[in-house]
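Presented below is the structure to which this report refers.
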Amino acid sequence: MTPELRELYQEVILDHGRRPRNFRTMDASTHHADGFNPLCGDKVHLKLVVKDDIIQEAAFQGQGCAISTASASMMTEMLKGMDTTQAMELAGRVRALVSGNDEEAAAVRERVGKLSVFSGVREYPARVKCATLVWHTLKSALNNGSNEPVSTE
Amino acid sequence: MSSVSAGTLWDVHAIRRDFPILTRKVHGHPLVYLDNAATTQKPQEVIDAELGFYREICSNVHRGVHELSGRATEAFESSRGRVRRFLGAADDHEIIFVRGVTEGVNLVAQTWGRANVSAGDEILITAMEHHSNIVPWQMLCQEKGATLKVAPINDAGEVIPEAYASLLGPKTRLVAMVHQSNSLGTINPVKKMIEMAHAAGAVTLVDGAQAVAHRKVDVRDLATDFYVMSGHKVYGPTGIGALYGRAELLDAMPPWQGGGDMILSVTFERTTYNELPFKFEAGTPNVAGAIGLGAAIAYLDGVGLETAGAYEAGLLHYGTEVLTAIPDLRIIGTAREKASVISFVVDDIHPHDIGTILDGEGIALRTGHHCTQPVMDRYGVAATVRCSFAMYNTREEVDALVVGLRKVIEVLG
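Protein chains in written order, with this note's numbering: chain A, 1 to 153; chain B, 1001 to 1413.
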């Protein structure tokens, strides 16, 4: 494999892709949203429990590739304990990391924690939406509570 | 299948030299292009024909008295003649140049369809249609209060004959069917299906996007009313294709787009429409594209479409055999009659991850739903990996795909 591919499919991503965390239904949620990528058919259904502006629980279901599954898995892990403003800011930084220009990506790389493993996605424009689908879905859940499904297109 | 003898007659390495792109490298590897159902590569003759138009005779067609316009018109119309012979039509004016299959289907839906379909009528399609042969009919049905019926397929990916027969009836106004499925490779028994449709009093349209690159098509032998094809899937340029329609039907149809070239005379009170085929070709056409398509057909005539098809059948047989040997790989679409396409899934590995890793090896193939979401739903998968062959592919390329897939499974499995 090329170094770029090794960077894309890092062990952490493969692990979360194979054994996603928080991959389950949740009966009592306060926010939820559906994300859909019509180009590849990836679907994610995200549920959150938010109490006093703090995200207590996050879980997802759906189907997708290794990148989108790992992205959702790691996002749900990181969200717990964050307030909603912090979560929205993190969503913005992830977007910059995977689809911003060199400068923007470098500026956020140290500020996304373990999500820096997704920086390899930048070399694969066709795969950016795999990584960002669940983050778009998060924004939709926090902004609208539960409304129309969000689409990457 | 005559693939064994054809293999010895077919000098694939000589054919490959006709396609300049096949010498390039991708990510440091020789290009292995297995995405031919999406678009085929172009031989030098086609590239030269397009370039030659712009360098030597560029001008508008059907309107100038000067030398260049005359030469361009002649080249454009001679391409129409080539398409006519390619499809086995009786007359050049039964060939309408369009952008491709999608535009051809839309033209029929919006002219013939609007004039002939009314509330309570039915349009019948098959469950393996591409979106371009679903959506235009859905739009028409919605507008007219008609019903879209779908002939189901079996697990192998074949239309179920009894179900098809039972869906034909006095309300069926049109049957639209794909000749060869882009996502499953199935070749439909269209001649028989057309005969049954006609017996029920319906008009027929065949989507030939995939079929024309792999087999000789004769619209008069099929006895279809309409047949549509795209140039770029048959080694020609993008943005050009053809609609064949029986003259009698085309004559009776209202025009589609209004504009120049489709008129005989215009006053602010009244317009007299031009005769066929110009009635359906408003505006300056894709002249260079049409000339390129003519060159592609001439190229195919030279190498022999039927010999190419037999060679591809050998590749399909070989590819099916070696891919089936990979554990956890499942082929989607196992019709008895199929051509040039192997769609598959690998347990627990998403097609997009497969596609990205194979791309790193220089292997180009399609991953996704192939614009046939209902087919994906039928098999309970979100997407497949699709390997599709053209006349220039080799067994060595199939072997490279197998090596690549084993690597993918090692990394992601």
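Even for Gly, the Cβ is constructed at its ideal location relative to N, Cα and C.
Below 8 angstroms on the Cβ atoms is my guess for residue i versus residue j; work out the distance and round it to an integer in Å.
i: PRO1152(B); j: ILE1160(B); result: 6 angstroms
i: ALA141(A); j: HIS45(A); result: At roughly 10 angstroms, the Cβ-Cβ gap does not stay under 8 angstroms, so ALA141(A) and HIS45(A) are not in contact.
i: VAL1175(B); j: LEU1222(B); result: VAL1175(B) to LEU1222(B), Cβ: 13 angstroms. No contact.
i: ALA1049(B); j: GLY1292(B); result: 5 angstroms
i: VAL1287(B); j: ILE1357(B); result: With 8 angstroms as the limit, VAL1287(B) and ILE1357(B) do not qualify as a contact, their Cβ atoms being about 42 angstroms apart.
i: VAL108(A); j: ILE67(A); result: Contact flag wrong, Cβ pair sits at about 18 angstroms.
i: LYS1233(B); j: GLU1306(B); result: Not really, about 18 angstroms apart at Cβ, beyond 8 angstroms.
i: ALA70(A); j: GLY17(A); result: 4 angstroms
i: ALA105(A); j: LEU97(A); result: 5 angstroms
i: GLY1231(B); j: ALA1298(B); result: About 13 angstroms; that fails the 8 angstroms criterion.
i: ALA1119(B); j: GLY1145(B); result: 4 angstroms
i: ILE1349(B); j: THR1320(B); result: Not really, about 20 angstroms apart at Cβ, beyond 8 angstroms.
Is there a Cβ of chain B sitting closer than 8 angstroms to that of residue i, yes or no?
i: ARG127(A); result: yes
i: LEU14(A); result: yes
i: ALA66(A); result: yes
i: MET1(A); result: yes
i: LEU46(A); result: no
i: GLY41(A); result: yes
i: GLN61(A); result: no
i: LEU5(A); result: yes
Rounded to whole angstroms, what's the CA-CA distance from residue i to residue j? Just pull it up for me.
i: ILE54(A); j: CYS65(A); result: 29 angstroms
i: GLN56(A); j: ALA1163(B); result: 53 angstroms
i: MET1391(B); j: VAL1012(B); result: 7 angstroms
i: HIS1249(B); j: VAL1203(B); result: Reading off the sequence shown, one finds Leu at residue 1249(B), where the question assumed His. One C-alpha to the other measures close to 10 angstroms.
i: PHE1389(B); j: GLN1041(B); result: 11 angstroms
i: TRP1112(B); j: ASP15(A); result: 56 angstroms
i: SER1059(B); j: PHE1076(B); result: 11 angstroms
i: SER119(A); j: PRO3(A); result: 13 angstroms
i: SER116(A); j: VAL94(A); result: 9 angstroms
i: GLU1410(B); j: GLN1180(B); result: 34 angstroms
i: ILE1331(B); j: LEU1148(B); result: 29 angstroms
i: VAL1108(B); j: SER1078(B); result: 24 angstroms
i: THR1372(B); j: VAL1381(B); result: 12 angstroms
i: VAL1375(B); j: SER1183(B); result: 8 angstroms
i: LEU5(A); j: ARG1085(B); result: 48 angstroms
Using 8 angstroms as the threshold, is the C-beta distance between residue i and residue j below it?
i: THR1224(B); j: VAL1178(B); result: no
i: ARG1071(B); j: PHE1097(B); result: no
i: HIS1093(B); j: LEU1276(B); result: yes
i: ARG127(A); j: SER73(A); result: no
i: GLY1185(B); j: ALA1089(B); result: no
i: GLY1241(B); j: VAL1101(B); result: yes
i: ASP1261(B); j: GLU1281(B); result: yes
i: TYR1235(B); j: PRO1043(B); result: yes
i: VAL1303(B); j: VAL1402(B); result: no
Does any residue of chain A have a CB that is nearer than 8 angstroms to the CB of residue i?
i: ILE1047(B); result: no
i: LEU1412(B); result: yes
i: ALA956(B); result: This structure gives no information on residue 956(B), because the portion of chain B shown stretches from 1001 to 1413.
i: THR1224(B); result: no
i: HIS1369(B); result: yes
i: ILE1332(B); result: no
i: SER1005(B); result: Low confidence applies here, because SER1005(B) scores a pLDDT of 47, under 50, leaving its location unreliable; read the following figure in that light. With 8 angstroms as the cut-off, SER1005(B) does not count as an interface residue toward chain A.
i: GLY1201(B); result: no
i: MET1001(B); result: At MET1001(B) the pLDDT is 40, less than 50, meaning the model places this residue with poor confidence and gives no usable figure here.
i: THR1102(B); result: no
i: LYS1360(B); result: According to the sequence displayed, residue 1360(B) carries Gly and not Lys. Yes, its Cβ sits closer than 8 angstroms to a Cβ of chain A.
i: THR1356(B); result: yes
i: ASP1353(B); result: yes
i: HIS1350(B); result: yes
i: HIS1130(B); result: no
i: HIS1232(B); result: no
i: HIS1027(B); result: yes
i: MET1177(B); result: no
i: MET1391(B); result: no
i: MET1253(B); result: no
i: MET1262(B); result: no
Taking all protein chains shown into account, do 16 or more other C-beta atoms lie within 10 angstroms of the C-beta of residue i, making it buried, or fewer, making it exposed?
i: PRO125(A); result: exposed
i: LEU90(A); result: buried
i: VAL1351(B); result: Residue 1351(B) is actually Pro in this sequence, not Val. By the 10 Å Cβ count, PRO1351(B) comes out buried.
i: LYS114(A); result: exposed
i: GLU11(A); result: exposed
i: ALA1006(B); result: With a pLDDT of only 46 at ALA1006(B), under 50, the local geometry of the prediction cannot be trusted, and the value read off the model is given with reservation. ALA1006(B) comes out buried.
i: THR1023(B); result: exposed
i: LYS1192(B); result: exposed
i: PRO1254(B); result: exposed
i: ASP1121(B); result: buried
i: ALA1383(B); result: buried
i: VAL1004(B); result: The predicted position of VAL1004(B) is uncertain, since its pLDDT is 45 and thus under 50; no value can be drawn from it.
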